[in-house]
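Novice:
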Amino acid sequence: MATQLLMAKDPAEAIGSKTASAAFIAGGTEVNRLGSDIAAKADTLISLKKCSGLADIRKEDGCLTIGSMCTFQQLIESDDVPAYLKEAAHFMASRTKRNMATIGGNIAAARSDSYLIPALHAAGAVLNICCKEGECASVAIADYLDEQDKYTDALIVSVSVPTDIVLVSKRYANTAQSHAVLTASAALRDGGLHMAGAVKNVGILHFCDLEKAFMDDPDISEDAIVKMVRECTGLHTSDDMFGSDDYKRYLIGVTVYDLHRQLRGKEV
Ligand SMILES: Cc1cc2nc3c(=O)[nH]c(=O)nc-3n(C[C@H](O)[C@H](O)[C@H](O)COP(=O)(O)OP(=O)(O)OC[C@H]3O[C@@H](n4cnc5c(N)ncnc54)[C@H](O)[C@@H]3O)c2cc1C
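Counting with my numbering, you get residues 14 to 281 for the letters of the sequence shown.
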């Protein structure tokens, strides 16, 4: 159980204080969530609230760099944040929570019902991180998620996203406040199609086989896509309170098909 709270004044102090038994706390909506064991397992919480340089939003050519401490509400209210990321931020229905929860916390939490990760993944977002050894690096979000063990002590400083891409998303939940069984995003960027999803209790998935199927045959039928997902042995969905294995596979199939159709409608 955490007994110490350290208010880091800058990223160097935050990183310098990080140990295996300490945890960063940003908005605190996941750390302090009922049922979360993050605070219970830590002896020290390192608050990023007063940490300098983590809350700016900077525009560069075709790219936006968002400080990790930017809240969901700041994303929505910024004139510079692209519409696709505002839409994903709106998936968090509670404004109270949007005023607290941060983009960095959402990425580091890496939940299987993540609000933002599918859109950030499809967009090819790059994380600017600092590690314990003092090294700072830019890491594609896909690599960060694939190698999470490597980054347990890393501080996400900012997130860079492209602004000049076409990206569409879809989220399925019983109510706006419920956990989503599926959140999926698809983007056209760098001359290719990029698709990612968050499947509740399964994880964050990069739909690379489906991307290839659409690229090989842009007119592929919905039935063929659903069949592909139904027969995919690499997908480990199962029956649970969010639906049956078969339902989840069907939902992924029809959703990616629909997202692809929407993207083609927006192509210029
Ligand atoms: C009722 C309820 C329902 C929720 N439902 C969802 C949901 O459906 N989908 C979803 O995605 N989330 C959900 N959440 C969790 C949470 O609200 C979001 O994930 C939020 O974006 C986390 O951001 P935060 O700033 O509050 O993170 P925090 O709670 O402060 O931190 C979350 C994790 O990220 C780490 N961290 C924070 N900032 C950084 C950083 N800059 N660098 C490295 N590590 C960092 C912390 O150590 C911690 O492990 C829910 C929470 C509640 C209370």
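Backbone N, C-alpha and C define an ideal beta-carbon position, used for all residues, glycine too.
This structure is a prediction, so every number in the text was calculated from the model and none was measured.
Nearest-angstrom Cα distance between Lys63 and Asp69?
Specialist: Cα-Cα distance, rounded: 13 Å.
Novice: Can you tell me the Cβ-Cβ gap for Cys143 and Leu168, rounded? I've got them flagged as a contact below 8 Å.
Specialist: Contact holds; Cβ gap of about 5 Å.
Novice: If you drop the 5 nearest sequence neighbours on each side, which residues of the same chain put their C-beta closer than 6 Å to that of Val44?
Specialist: Hits under 6 Å: Ile38, Ile51 and Ala52.
Novice: Assuming Val212 contacts Ser173 under a Cβ cut-off of 8 Å, what Cβ separation, rounded to an integer in Å, is found between them?
Specialist: 26 Å between Cβ atoms; not a contact.
Novice: If you measure between the beta carbons of Ala200 and His207, is that distance less than 7 Å?
Specialist: A contact, by the Cβ cut-off of 7 Å.
Novice: I'd like to check one pair, Tyr270 with Ile238: are the Cβ atoms closer than 7 Å?
Specialist: A contact, by the Cβ cut-off of 7 Å.
Novice: Just grab the DSSP bridge partners of Glu146 for me.
Specialist: BP columns for Glu146 are empty, so no partner.
Novice: Would you mind reading off the limits of the beta strand (DSSP E) that contains Ser171?
Specialist: Per DSSP, Ser171 belongs to the beta strand (DSSP E) from Leu168 to Pro175.
Novice: Have a look at the DSSP bridge pairing and note the partners of Ser49.
Specialist: None; Ser49 has no bridge partner.
Novice: Quick check: is any heavy atom of ligand 1 less than 6 Å from the C-beta of Phe220?
Specialist: Result no, Cβ not under 6 Å from ligand 1.
Novice: Helix, strand or coil for Val44 per DSSP?
Specialist: Val44: coil per DSSP, three-state reduction.
Novice: Helix, strand or coil for Tyr260 per DSSP?
Specialist: Helix.
Novice: Going along the chain, which unbroken runs of the beta strand (DSSP E) with 3 or more residues stay wholly within the stretch 63-131?
Specialist: Here the runs fully enclosed are 70-73 and 76-80.
Novice: So, using beta-carbon positions, are Val170 and Ser49 closer together than 7 Å?
Specialist: The answer is no: Cβ separation not under 7 Å.
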